[in-house]
Amino acid sequence: MNIEEVLKGITRGAVDVISREELVKKLSSGRKLRVKFGADPSSPDLHIGHSVVLSKLRQFQDLGHTAVLIIGDFTAQIGDPSGKDATRPVLDHETVANNARTYTGQAFKVLDRDKTEIRFNSEWLKPFFASPAAGVSDFVNIAKSVTISQLLEREDFRARMKAGTPISLLEILYPIFQGYDSVAVKADIELGGQDQIFNLLMGRNMQKLSGQEQQAVMTMPLLPGTDGEKKMSKSYGNYVGLNDLPNEMFGKMMSVSDSLMCSYYELLTFEDLAAVKAEHPMEAKKKLAGLITARYHGGEQAQAARAHFEQVFSRKELPENMEIFRAEKAGKLSYLLVAAGLVKGMNEARRLIAQGAVRLDGEKVSADIIFEPKDCVLQVGRRQFRKIEKGA
RNA sequence: GGUUGGGUGACUGAGCGGUCAAAAGUAACGGUCUGUAAAACCGUCGGGCUACGCCCUACGAAGGUUCGAAUCCUUCCCCAACCA
457 MNIEEVLKGI TRGAVDVISR EELVKKLSSG RKLRVKFGAD PSSPDLHIGH SVVLSKLRQF
517 QDLGHTAVLI IGDFTAQIGD PSGKDATRPV LDHETVANNA RTYTGQAFKV LDRDKTEIRF
577 NSEWLKPFFA SPAAGVSDFV NIAKSVTISQ LLEREDFRAR MKAGTPISLL EILYPIFQGY
637 DSVAVKADIE LGGQDQIFNL LMGRNMQKLS GQEQQAVMTM PLLPGTDGEK KMSKSYGNYV
697 GLNDLPNEMF GKMMSVSDSL MCSYYELLTF EDLAAVKAEH PMEAKKKLAG LITARYHGGE
757 QAQAARAHFE QVFSRKELPE NMEIFRAEKA GKLSYLLVAA GLVKGMNEAR RLIAQGAVRL
817 DGEKVSADII FEPKDCVLQV GRRQFRKIEK GA
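Mind the numbering: the first sequence is residues 457 to 848 in the working numbering, read in order.
Structure follows, in structure tokens:
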């Protein structure tokens, strides 16, 4: 493969590449490159939005390069301001450690473990920024409790702002931490989401200051969430998690709008877009759901998820595996719903019955009848099933 | 440090002595429609009950004033804006 082809493949889908010349130079140097990707373990759940950048990282690995996965255990205690309109909560050590563990576990669903170097940035940031006297938590606490607006209110700062001179480093503290990571791991290339561009460029600055060769920077587009409006994020609840069960994953993919499906094809797969658009949307969506599910759970599971989907939703038949609940004595149906864990409370149970959401063996139940224990299937809404067995 | 304005249900945000389990929007959940599309429309949306009514717990925390408080007073905690 010549360099042209490599470059084409590696920059496919990228938003920014800074700079192309440097990237070419690095790629053609014959060296094993160190490709950095940093992640704050602020949330333990990775979703398919993260997979956009991770897949790109994987591409580098497949070319023989090393992925340097930085776990921002130190920076997680500060919170990346990128794309946020409010200060992030500060996490304690234990949470961060736990998150980091699950994080890497999920990341290796995409990355090649053997070509990945995992580093925790507290390794170098702690001694670098925290004096033994002040201690990390003191520093973090102070930085957390002083807001920018408070600082900028000061007259001398206002004057400086008016004069156009740069303000304190505090606001750009985070990018500096992240940038220093690049120095510490001697990154050749850094990948990130589109909203990371400022931070990534800071890495170049810091490396230059340290006399290192500057990393090339490449950003990937942000994946829209399943609502089709905001970016995919756990806090918006519009994500498809890498750890989602096959049926869940398949189902979530099926419920997105047609236009969103196209974006997903573009950002998550290598499929030919024109061909996709020519297909029936339903078929195309099933294919997409299958591709994604297969990626994280294997082809067999994906097949099963598709079969399940078609069975339960397309043909409205019963699913293969249902949770079993043993009913021992006669009682109100509403009580059975609560006991079987299908609803939160009695009121909700009654409401759902009144709304025609409850079925016994496929027959709508319109009143809160007395249920005599027997083997049957209890269904609430479209997707909640419970197999009822007569108790001993 | 000073001044002013705030803290309301999953979230945004009205209410400012009784008619308030608390408007409106979002989210969520059911239903109709369908490709579980999306959108739209209808309904529900603190908990419980012997249920067109009743009880309990709720409007930052703790007290108080009232027949009656999310609404007034006191103290405390937290936040924001502005001024130093």
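Even for Gly, the Cβ is constructed at its ideal location relative to N, Cα and C. Please read all numbers here as calculations on a predicted model, not as lab measurements.
Less than 7 Å divides the Cβ of aspartate 529 from the Cβ of serine 578. In the structure shown, the three-state DSSP call for arginine 751 is helix.
When only Cα atoms are considered, cysteine 718 and glutamate 727 end up about 10 Å apart. In this structure, the alpha-carbon of leucine 657 lies about 7 Å from that of valine 673. Around the CB of isoleucine 809, 16 or more other CB atoms lie within 10 Å, so the residue is classed as buried. Alanine 783 and proline 829 have their C-alpha atoms roughly 6 Å apart.
Contact between glutamine 634 and asparagine 655 holds, since their C-beta atoms are separated by about 5 Å, short of 8 Å. For threonine 467, the uninterrupted alpha helix (DSSP H) segment begins and ends at 459 to 467. In the three-state scheme derived from DSSP, where H, G and I count as helix and E and B as strand, alanine 813 is classed as coil.
The beta carbon of glutamine 757 lies closer than 7 Å to those of Pro702 and Thr749 in the same chain, with the five residues before and after it left out. With contacts defined as CB atoms closer than 7 Å, leucine 723 and lysine 512 fail to qualify as a contacting pair. In the assembly as shown, glutamine 652 is a buried residue. Its beta-carbon has 16 or more other beta-carbons within 10 Å.
One Cα belongs to leucine 678, the other to lysine 481, and the distance between them is close to 27 Å. Here leucine 567 has Leu510, Leu513, Arg514, Gln517, Ala523 and Leu525 as same chain residues with Cβ atoms under 8 Å from its own Cβ, once five neighbours each way along the sequence are excluded. With contacts defined by Cβ atoms closer than 7 Å, arginine 815 and serine 790 do not form a contacting pair. In the same chain as arginine 487, and ignoring 5 residues on each side of it, the C-beta atoms closer than 8 Å to its own belong to Asp644, in chain order. Within 10 angstroms of the beta-carbon of lysine 464 lie fewer than 16 other beta-carbons, which makes it exposed. Alanine 813 has its alpha-carbon roughly 8 Å from the corresponding atom of glutamine 835. When the Cα atoms are used, glutamine 663 and glutamine 670 turn out to be separated by approximately 6 Å. Excluding residues up to 5 positions away in sequence, Asp501 and Gln562 lie with their Cβ nearer than 7 Å to the Cβ of asparagine 699 in the same chain. Taking 7 Å as the cut-off, the Cβ atoms of glycine 746 and serine 713 do not count as close. By the neighbour-count criterion, in which a residue is buried when 16 or more other Cβ atoms sit within 10 angstroms of its Cβ, proline 497 is buried.
For the pair isoleucine 459 and tyrosine 720, the Cα-to-Cα distance works out to about 28 Å.
Here the alpha carbons of valine 768 and leucine 793 stand approximately 20 Å from one another.
Counting C-beta atoms within 10 angstroms of its own C-beta, tyrosine 752 has 16 or more neighbours from the protein chains shown and is therefore classed as buried. If you ignore the 5 residues before and after methionine 688, its C-beta comes within less than 8 Å of the C-beta of His503, Ile504, Gly505, Leu678, Leu679, Pro680, Gly681, Thr682, Asn694, Tyr695 and Val696, all in its own chain and listed in chain order. For glutamine 840, the enclosing beta strand (DSSP E) stretches over residues 840 to 846.
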